[in-house]
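Below: the structure, in structure tokens.
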Amino acid sequence: MVGVAILCAVLAAGCSALGAMWQHAGVRELPGLKLTSAHQLVRSRRWVSGFLVLFACAVLQIVALALAPVSVVAPLNALAIPIIAVARARKLTGMLAVAVVVATAGIVVFVSITAGEAVPTQVSPNVALQAGQLVVAGVLVCVVAATFTADTVRALSLAVGAGILYGLVAVLVRDVTTALPEIEWVSLGALAVAFLTGAWFIQLGYAAGPPDLVVAGQTVVNPIVAAWIGIKLLGEGSGMSGLSQAGLVISAVAAVSGTVVLAYYHRARVDA
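Just so we're aligned: 151 in numbering that gives the first Met the number 0 is position 152 of the sequence shown, and the numbers increase by one with no gaps anywhere.
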């Protein structure tokens, strides 16, 4: 089952990269994106195509989360980073290559550790509430940062906020799917709110900066938040040794560092 979950998550990462590029192109066709003008996005064929691909991505992720622990599935979302970075690069510079390799290596190591040692657990109401409170606090910080910045920094702030929300979404999807045939209405409602808010943050991020930077921000933060909730709050890492936990921290730092280098690369490219 874990193997099937990993395959679904990898396919979802590919869909995420493709959908992000198409949606970014669609958002750029609508200058000055606001909530009141968001309905005009459906007039863009590229945005709609991106939406359909991302819908397929969501289905694949739901299947993956139903079959394996959050801390195994969520980190694979970040594979969209090297895919979209290489796809959009006019030429593969040394800085870009280093960023892609470091971020990808961090993801691979992280998943290798969690796939072997993470233990599937149930999501209790108390844990879901605690996770939700922490996520709201983190998102508010990102909103403040995005409000007082512009361009690349604003795009990255919004992407990080979306990543935090999507980290909670992954946990809530796990809660809803494992509870079937019973329906966890509170978790389902919170899932919908977090998902829609994160999706809107991403559209605003596309309007402010390049799609690979937005994807990099949210797809690195998303699995780190989801994995942290899974390991620390849900107890999926209860059987992990100290060495394994150190490996998780190092690989997470590597993935984040790769994203920071990508952000610097794009700022330098825009300035040039």
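Cβ coordinates follow ideal geometry from the N, Cα and C atoms, glycine included.
Handout entry: Buried or exposed (CB count within 10 angstroms, at least 16 for buried), ALA149
Key = exposed
Practice task
Compare the beta carbon distance of LEU78 and VAL3 with 8 angstroms and say whether it is the shorter of the two.
Solution key: no
Handout entry: Separation of LEU10 from ALA191, as counted between CA atoms
Key = 23 angstroms
Problem - Inter-residue spacing [alpha-carbon to alpha-carbon] between VAL107 and ALA245 - result: 15 angstroms
Practice task
Identify whether PRO222 lies in helix, strand or coil by the three-state DSSP scheme.
Solution key: helix
Practice task
Using 10 angstroms around the beta-carbon of ALA136, count the other beta-carbons present and answer buried if the total reaches 16, otherwise exposed.
Solution key: exposed
Practice task
Figure out for me which residue from ALA206, MET20, VAL100 has the closest Cα to the Cα of VAL349.
Solution key: Any question about residue 349 goes unanswered here, given that the chain covers just 0 to 271.
Practice task
Count the other C-beta atoms from every protein chain shown that fall within 10 angstroms of the C-beta of ILE316, then say buried if there are 16 or more, exposed otherwise.
Solution key: Residue 316 is absent from the model: the chain starts at 0 and stops at 271.
Practice task
Rank VAL100, PRO81, ALA253 by C-alpha distance to the C-alpha of LEU17 and give the top, closest one.
Solution key: PRO81
Problem - N- and C-terminal bounds of the alpha helix (DSSP H) containing ALA57 - result: 44-66
Exercise for the section: Compute the Euclidean distance between the alpha carbons of ARG27 and ARG42, then round it to the nearest angstrom. Expected result: 13 angstroms
Problem - Same chain, Cβ closer than 6 angstroms to LEU157, five either side skipped, listed in chain order - result: ALA145, PHE200, LEU203, GLY204
Exercise for the section: Report all residues from its chain with a CB closer than 7 angstroms to the CB of THR196; omit the five preceding and five following residues, and keep chain order. Expected result: LEU164
Practice task
Run through the region 121-188 for me and flag every whole alpha helix (DSSP H) of 4 or more residues, listed as ranges in chain order.
Solution key: 124-146, 150-178
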